[in-house]
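Using the UniProt record's numbering, you'd call the opening residue of the sequence shown number 1 and step up by one each time.
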Amino acid sequence: MKEFSFNTFFGYENILMEKPEIVLFGAMLLPIGLIMVISIIGWVFRKLKFNMYIIQALLYTLLFTFFFGTVTMLILFFITDKNGVKLAWCWSAILIGMFCFSIINTNTISKMFTDWSKIIKN
C-alpha cells in the first residue's frame, strides 16, 4: 500500500516546485473563470426552472475562495518558503472549506444578499 505524502500533488510536483507563482495565478484566475462558466450554467438552469441550490453554493464557494483564498495565498507566498506544492494544498483546503461553508449556509447567504439589495434600493 502506498502512503500519502503532502510533497506530491497529482503529478504536478516538478512544475509547482520550479514555478510556485503558478499557484498564485491559479488561485486568482480559476475562481473567476469558473464563476463565468457556472453563471452561464445557472442561467440555463433558471430558464429550465431547475433547482438552483447547488449552483448558488458553487458560486458562493468560488466568490469566497477568490476573496479569502487570494489574500491567504499572497500572504503565504511572501511569508513562507514559496513551496508550490504546499501552496497548492493550502488553496485546495481553502476551496474545500469554503464549499462546506457554502453548502451549509447557502440559504442564509442568499437571504443576506436579498436583504442588502432591499436596503440599497431604499
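Don't be surprised by glycine CBs; every beta carbon is placed ideally from N, CA and C.
The structure displayed is predicted, hence computed values, not measured ones.
- About 12 Å separates the Cβ atoms of T70 and M98, ruling out a contact at the 8 Å cut-off.
- Its chain contains G42, F45, R46 as the residues whose beta carbon lies nearer than 7 Å to that of M52, once the 5 sequence neighbours on both sides are disregarded; these appear in chain order.
- Three or more Cβ pairs closer than 8 Å define a contact, and the stretch 102-122 falls short of that threshold against the stretch 81-90.
- Out of N105, C100, T106, S92, the CA that lies nearest to the CA of P31 is found in S92.
- In the three-state scheme derived from DSSP, where H, G and I count as helix and E and B as strand, P31 is classed as helix.
- DSSP places N105 in the uninterrupted alpha helix (DSSP H) bounded by 84-121.
- For the pair L74 and I35, the CB atoms are not nearer than the 8 Å cut-off.
- In the structure shown, F10 falls within a coil segment according to DSSP collapsed to helix, strand and coil.
- Sequence-distant Cβ neighbours of I22 in its own chain, meaning closer than 8 Å and more than five residues away, are I15, L16, G84.
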